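Numbering (this note's numbering), first residue to last: 43 to 451.
Positions of the beta carbon are idealized from the N, C-alpha and C atoms, including for glycine.
Every value quoted in this text rests on a predicted model; they were computed, and no experiment measured them.
One structure is given below, encoded as structure tokens.
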């Protein structure tokens with residue numbers, strides 16, 4: 043009777059579900075993830091914002107870049123989602139010194155305590171050691187990183203044998219996977235962040251001879267480092283409609299049907315300022331979903347929303363006598379009316395920030411509305427960018443922008 047009561051108490055604490063063992067098993071010529079003994083294919087998104095919308099879109103998991111809070115885990119469990127839990131690993135480009143024994147020891151202890159605290163939560167899927175830790179590191183620093191990742195992986199496995207552990211790379215590089223295979227044998231799989239490189243990712247993994255399973259831990263539009271630039275050196279951002287088409291193409295090539303791939307996390311389920319305020323987020327700052335949300339939901343479920351977001355098919359911005367003449371071609375798939383809004387901001391997309399480091403938002407300098415409109419440019423020389431937003435009546439949108447420059451007289 044005591045044993046039955048104890049079991050009942052555990053079930054109540056876990057919200058009716060005991061912590062599920064997660065493991066990777068061989069399957070045919072590849073691998074599959076199993077959670078609680080059942081196949082579990084990751085259809086995930088980066089971030090923990092609006093998990094209800096993620097679940098409604100067909101997603102089943104979300105990713106954090108540092109340790110999730112219990113509240114985040116509880117929220118995920120509430121919506122039937124899991125979490126790929128990040129464990130922070132110091133980055134040399136941000137000042138972490140792997141020759142500093144005290145820093146390294148503190149990092150190990152933090153990882154150990156985090157795993158102990160969260161390993162029993164039913165929403166936990168697996169652990170991810172760091173994010174793009176090797177980015178911009180020297181060869182000597184990378185070797186130290188790989189050796190420390192191995193030590194951290196051993197700690198995680200000692201504390202929690204029931205959840206896989208990976209590390210997350212900023213692309214496969216020239217030899218990242220070769221190095222991991224040599225120096226990090228304890229890792230269960232590898233996570234790779236890829237953007238334009240999604241169209242070459244399975245081939246790149248095979249070229250380096252990676253034998254273990256893998257998952258895409260970030261993918262999205264073509265990155266700001268992968269696109270053409272203006273004559274004055276600013277990256278040219280794709281429209282959200284072009285991004286939506288790329289999401290589907292990338293998913294079909296690098297994720298769906300790949301026998302060694304355990305699934306993926308699309309970037310970003312939310313909004314952030316990174317080069318622009320629209321480049322990577324799948325939502326506008328006010329929470330309006332873009333057409334990229336419809337695209338990834340279609341990739342996950344095989345079905346389109348019955349009320350799809352607007353599409354932008356063209357944008358023209360011409361500059362003369364201190365003013366911008368702006369026009370946009372946009373359509374609503376259901377034939378409804380669209381609200382067209384414009385704003386002008388400073389263009390900071392040539393800033394030196396890398397790896398998704400925090401950037402300050404840019405203020406709106408001018409506004410206008412309509413499919414064809416005019417905006418006055420500031421007199422001050424500099425780089426500016428004009429954005430357009432096409433909104434439908436059901437709360438969805440598409441967006442596009444063009445870079446402009448006020449030259450010194």
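Endpoints, beta strand (DSSP E) assigned at residue i
i, result
"residue 235", "231-235"
"residue 360", "353-362"
"residue 85", "84-88"
"residue 385", "381-388"
"residue 75", "72-77"
"residue 407", "406-411"
"residue 214", "It is not in any beta strand (DSSP E) - residue 214 carries neither H nor E in the DSSP assignment."
"residue 68", "64-69"
Of the listed residues the options, nearest to residue i (C-alpha basis)
i, options, result
"residue 136", "177, 155, 99", "177"
"residue 260", "268, 238, 253", "238"
"residue 72", "253, 263, 139", "253"
"residue 93", "211, 312, 316", "312"
"residue 175", "418, 435, 443, 139", "139"
"residue 246", "207, 208, 295", "295"
"residue 318", "276, 349, 300, 126", "276"
"residue 221", "117, 197, 187", "187"
"residue 269", "398, 251, 284", "284"
"residue 63", "236, 375, 207, 183", "207"
"residue 264", "273, 251, 235", "235"
"residue 267", "394, 376, 105, 374", "394"
"residue 433", "382, 450, 170", "382"
"residue 201", "144, 151, 326", "151"
"residue 167", "418, 149, 154, 81", "81"
Residue i versus residue j: straight-line alpha-carbon distance, rounded
i, j, result
"residue 406", "residue 367", "18 angstroms"
"residue 427", "residue 286", "21 angstroms"
"residue 122", "residue 342", "16 angstroms"
"residue 358", "residue 416", "12 angstroms"
"residue 232", "residue 224", "13 angstroms"
"residue 411", "residue 108", "40 angstroms"
"residue 345", "residue 99", "10 angstroms"
"residue 217", "residue 194", "21 angstroms"
"residue 421", "residue 448", "8 angstroms"
"residue 55", "residue 163", "Residue confidence for residue 55 is low, a pLDDT of 41 falling below 50, so the modelled location carries little weight; the figure read from the coordinates is stated next. Near 10 angstroms, if we compare the C-alpha coordinates of residue 163 and residue 55."
"residue 75", "residue 378", "43 angstroms"
"residue 142", "residue 119", "39 angstroms"
"residue 79", "residue 172", "28 angstroms"
"residue 400", "residue 441", "22 angstroms"
"residue 249", "residue 242", "11 angstroms"
"residue 48", "residue 204", "Confidence at residue 48 is low in this model, with a pLDDT of 41, below 50, so its placement is unreliable and the value that follows should be read with caution. Cα to Cα, residue 48 sits roughly 21 angstroms from residue 204."
"residue 316", "residue 437", "24 angstroms"
"residue 96", "residue 114", "14 angstroms"
"residue 44", "residue 157", "Low confidence applies here, because residue 44 scores a pLDDT of 40, under 50, leaving its location unreliable; read the following figure in that light. The straight-line gap from Cα to Cα measures roughly 29 angstroms."
"residue 300", "residue 397", "27 angstroms"
"residue 304", "residue 189", "25 angstroms"
"residue 423", "residue 281", "26 angstroms"
"residue 165", "residue 192", "25 angstroms"
"residue 124", "residue 446", "43 angstroms"
"residue 350", "residue 320", "19 angstroms"
CB contact below 8 angstroms: residue i versus chain B
i, result
"residue 334", "Absent from the structure is chain B; it holds one protein chain and no more."
Run of the alpha helix (DSSP H) containing residue i, from where it starts to where it stops
i, result
"residue 289", "282-296"
"residue 154", "143-160"
"residue 199", "181-201"
"residue 338", "333-343"
"residue 112", "112-120"
"residue 93", "93-98"
"residue 394", "Element bounds for residue 394: n/a, residue is neither H nor E."
"residue 249", "243-249"
Residues that DSSP places opposite residue i in a beta bridge
i, result
"residue 375", "None; residue 375 has no bridge partner."
"residue 37", "Residue 37 falls outside the range modelled here, since the chain spans only 43 to 451, and no answer is possible."
"residue 40", "Since the first residue shown for the chain is 43 and the last is 451, residue 40 is missing from the structure and cannot be characterised."
"residue 470", "Summary: the structure shown does not reach residue 470, with the chain confined to residues 43 through 451, and so no result is reported for it."
"residue 306", "85, 258"
"residue 104", "87, 125"
"residue 425", "447"
"residue 137", "Answer is none; residue 137 lacks a bridge partner."
"residue 440", "432"
"residue 278", "Partner(s): none; residue 278 has no beta bridge."
"residue 271", "277"
"residue 80", "77"
Could you say if the segment 302-314 and the segment 76-89 meet the contact criterion of at least three C-beta pairs nearer than 8 angstroms? Contact between the segment 302-314 and the segment 76-89 is present: three or more C-beta pairs spanning the two stretches fall below 8 angstroms.
Cβ contact check for the segment 126-134 and the segment 60-69: 3 or more pairs under 8 angstroms: No: fewer than three Cβ pairs fall under 8 angstroms.
Is there contact here, the segment 345-356 with the segment 384-398, by at least three beta-carbon pairs under 8 angstroms? Judged by Cβ distances under 8 angstroms, the segment 345-356 makes no contact with the segment 384-398, as fewer than three pairs qualify.
Validate contact between the segment 272-290 and the segment 328-335 using beta carbons, cut 8 angstroms, 3 pairs: As far as the Cβ criterion goes, the segment 272-290 touches the segment 328-335, which means the pair count is three or higher.
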